[in-house]
Structure formats: C-alpha cells, structure tokens
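Before any comments, here is the structure.
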Amino acid sequence: MINIDPVSQRETHRQIARIVRGLPTSDGAGVKLTRVIGQPALDMLDPFLMLDEFRSDSGSDYIAGFPEHPHRGFETVTYMLAGRMRHGDNQGNSGLLTPGSVQWMTAGRGIVHSEMPEQEDGLMQGFQLWVNLPAKDKMTTPRYQDIAPERIPEVSLAPGVKARIIVGEQAGVRGPVDNVATDPLYLDVHLDAGASSEIAIPAGHNGFIYVYEGRATVGESASGDLVRGDLGVLSAGGEKVCIAAPIPTRAIVVAGRPLNEPVAKYGPFVMNTQQQIIQAVEDFRAGRF
Ligand code: MN
Numbered sequence: 190m191i192n193i194d195p196v197s198q199r200e201t202h203r204q205i206a207r208i209v210r211g212l213p214t215s216d217g218a219g220v221k222l223t224r225v226i227g228q229p230a231l232d233m234l235d236p237f238l239m240l241d242e243f244r245s246d247s248g249s250d251y252i253a254g255f256p257e258h259p260h261r262g263f264e265t266v267t268y269m270l271a272g273r274m275r276h277g278d279n280q281g282n283s284g285l286l287t288p289g290s291v292q293w294m295t296a297g298r299g300i301v302h303s304e305m306p307e308q309e310d311g312l313m314q315g316f317q318l319w320v321n322l323p324a325k326d327k328m329t330t331p332r333y334q335d336i337a338p339e340r341i342p343e344v345s346l347a348p349g350v351k352a353r354i355i356v357g358e359q360a361g362v363r364g365p366v367d368n369v370a371t372d373p374l375y376l377d378v379h380l381d382a383g384a385s386s387e388i389a390i391p392a393g394h395n396g397f398i399y400v401y402e403g404r405a406t407v408g409e410s411a412s413g414d415l416v417r418g419d420l421g422v423l424s425a426g427g428e429k430v431c432i433a434a435p436i437p438t439r440a441i442v443v444a445g446r447p448l449n450e451p452v453a454k455y456g457p458f459v460m461n462t463q464q465q466i467i468q469a470v471e472d473f474r475a476g477r478f
C-alpha cells in the first residue's frame, strides 16, 4: 500500500522493524546474563556485535566474574546501573566501575583484561555492548574512556521524560564519550507513567531500543509494543522515533553508523578476514597483546 500523506510520521519517523528477545546464557567464569545481540535471533546489528544485560541480586550468579581474557578489533562498552565492577589490564590500567558509570574501551590491536565484581552479594545490573571498529582502526592503540556518573549529562526531552547521554547528541547536549569511529548514540531514557517523547536518531544509523524496566510503545503501530526484556530494532530512514510509556519505564536507545565491512569473528577477536583472526590468536598466544 502506498502512503500518500506527505506529513505522515511514516515518512520521517522510525518504527519498530522487529522485536528480539534475549537468550539466557553464561559467559566469563560462569556469570549468568541475557545475550540480546550476538545470538541466533539477532547475530549482529551493524556496527553492534553484542549486547549483554546482566541483572542479579544473587552473588552466585556473578561472583566468578570475567577473569583475564583478550580483545582485539572492536570496542567494549560497560554501563553499570547497580553494583561495582573492578577492571584491570595487562598495561597496568585499573579502575572501579560504580553505579551510573560507563567504561568505553577501544581494544584496538589488543588488550588482556579482567572484569571482576567487587561485591559478594546485592544487586549487580548493567549492560555490555560491543561496537565494531572500521578496518582502518582495528589495530589502533588501545584507549579507555572511564566516565564517572556525574560526567554523564541528564536532559529533559519532554514532561516526564529524561535521558542520560553517554555518547552522541540529544536536545543540543553532547555526551562525554568522544572520537568513536561509528559516531554512536547511547541514551538511557527514563519515562514517567503516561509520558511520551520524540528522540532524535541520526539519519542512516542502525539503531535499537531495549526496554529494561516497564513497558513502551515505540512508533505508531501495535507492532512497536515493547515489554521488559524486548529489543526493538528500529526501521531504516527517518531522524526521529516516538516513545510512550503507560507505566514508569526505562530503556536504552542506541544507534550507530553501519560499517558495511566483512566481519570475521572468533570469540573475543573481531576482524575482517579469517587470516586476521589466525594472526590475532597467534599474537595473543605469543604474548604480543
Ligand atoms: Mn572483556
């Protein structure tokens, strides 16, 4: 059917193209988590390779943590909502991720690090997102952007709607993370019951909305109803998306410029060719990270 209404939202606004449910799994030394991107239902959403949600108030679900392991060729983004995670790497860098903080780690040519809970019980909650690097940056020097909670600006988007801006721009305010190759947007949006807002999404970016608390209607059709644990993939085209919540709701809104490059993946190594993967494994085994 052809839409002949020139001012229709469908011309300018993103909709929900499909809804994906996360897969309960475990990783690291046995941390229970939900894999939302990087699983059979959604292998990747260029440039996003993986999205894990971790949320448990039982220490046995997370205490084993993520002991020493390598990364090469992409970026890992950890956003903590609750709990404390200690980070340390083979270059001598170390830091503590506290509630509301973000670590944007550009692994580049390679790091070996550990991510271990610094608590034995109580709620541990947050996300880890993997963002791909373009071929020209895969072997770049590793870089950390450790962002304390108070450095993340919170803006009002509409009555009853607030957004923390981790990276990208919204309502004329820029988030603190900078110089990311895929020019991403990463918002943590909080809506009061009955509130609604438009959110600006850069044209040409792939994007998604993941509801981690409450319930939201995204776009203008019932196919955009997201409950807690639903990831809605945004349709292409348009520079805005409408979100409304009948009850208090929290969601992350993430978008990035697709790289449209070949992806060769092997565990914590994400390169462009199989030969580069073999090289990564050799370099790691030889202690060259
Ligand atoms: Mn890691």
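Numbering (this note's numbering), first residue to last: 190 to 478.
The beta-carbon is built from N, C-alpha and C at its ideal position, and this holds for glycine as well.
Given the structure is predicted, the values throughout are model-derived calculations rather than measurements.
Is Arg474 helix, strand or coil when you go by DSSP?
In this structure, Arg474 counts as helix in the three-state DSSP scheme.
Could you check where the beta strand (DSSP E) with Asn321 kicks off and where it finishes?
313-321
Could you pull out every unbroken beta strand (DSSP E) segment of at least 3 residues lying fully inside the region 279-311, listed in chain order?
Runs of the beta strand (DSSP E) spanning 3 or more residues and lying entirely within the region 279-311 occur at 283-286, 291-295, 300-306, in chain order.
Going by beta carbon distance, what residues of the same chain come within less than 7 Å of Val459, once the five residues before and after it are set aside?
Leu238, Gly262, Phe263, Asn321, Val452
Tell me the rounded alpha-carbon separation between Ala405 and Leu231.
21 Å
Measuring from each Cβ to the nearest heavy atom of the ligand MN, keep the ones under 7 Å and list them in chain order.
Phe255, His258, His260, Thr265, His302, Glu304, Pro457
From Arg353, Asn395, Ala360, Gly383, pick the residue whose C-alpha is nearest to that of Asp371; which is it?
Here residue 371 turns out to be Thr, not Asp, going by the sequence shown. Measuring from the Cα of Thr371, the nearest candidate turns out to be Asn395.
Can you tell me which of Tyr333, Ile398, Glu304 puts its alpha carbon nearest to the alpha carbon of Gly254?
Glu304
Would you kindly check if the distance between the Cβ of Ala469 and the Cβ of Gly299 is under 9 Å?
yes
Beta-carbon within less than 8 Å of Ser215's beta-carbon, same chain only, minus the 5 sequence neighbours each way: which residues are those?
Lys221, Leu222
Using C-beta distances below 8 Å, list every residue in its chain close to Glu358, excluding the 5 sequence neighbours before and after it, in chain order.
Excluding positions up to five away in sequence, the list reads Gly364, Leu374, Ala389.
Consult DSSP for Pro256 and reduce its assignment to one of helix, strand or coil.
In the displayed model, Pro256 falls within a strand according to three-state DSSP.
Taking the C-alpha atoms as reference points, what is the distance between Ala271 and Ser385?
26 Å
From the DSSP output, in three-state form, read off Lys221 for me.
For Lys221, the three-state secondary structure derived from DSSP is strand.
Could you tell me which whole beta strand (DSSP E) segments of length 3 or greater appear in the region 360-429?
374-380, 385-389, 395-402, 404-407, 414-416, 419-423
Check the DSSP bridge columns for Ala347 and list the partner residues they point to.
Val350
According to DSSP, is Ala456 helix, strand or coil?
Note on residue identity: the sequence assigns Gly, not Ala, to residue 456. Correct three-state label for Gly456: coil.
My guess is that Gly297 and Thr330 are in contact by the Cβ rule of under 8 Å, so how many angstroms apart are they, rounded?
6 Å
Report all residues from its chain with a CB closer than 7 Å to the CB of Ala360; omit the five preceding and five following residues, and keep chain order.
Contacts found: Val344, Leu346.
Residues in its own chain within less than 6 Å of Arg332 by CB, not counting five upstream and five downstream?
Once the five neighbours on either side are set aside, the close Cβ partners of Arg332 are Thr295.
Might you give, ordered along the chain, the residues of its own chain that have their beta carbon closer than 7 Å to the beta carbon of Ala538, omitting 5 neighbours on each side?
The first residue shown for the chain is 190 and the last is 478, placing residue 538 beyond what the model contains.
Rounded to the nearest angstrom, how far is the Cβ of Ala411 from that of Val378, given a contact under 8 Å?
21 Å between Cβ atoms; not a contact.
Just to check my reading of the structure: Leu240 and Phe316 have Cβ atoms closer than 8 Å, yes? What is that Cβ distance to the nearest angstrom?
7 Å
Go through its chain and collect everything with a Cβ distance to His258's Cβ below 8 Å, but skip five positions before and after it.
Gly217, Val301, His302, Ser303, Pro457
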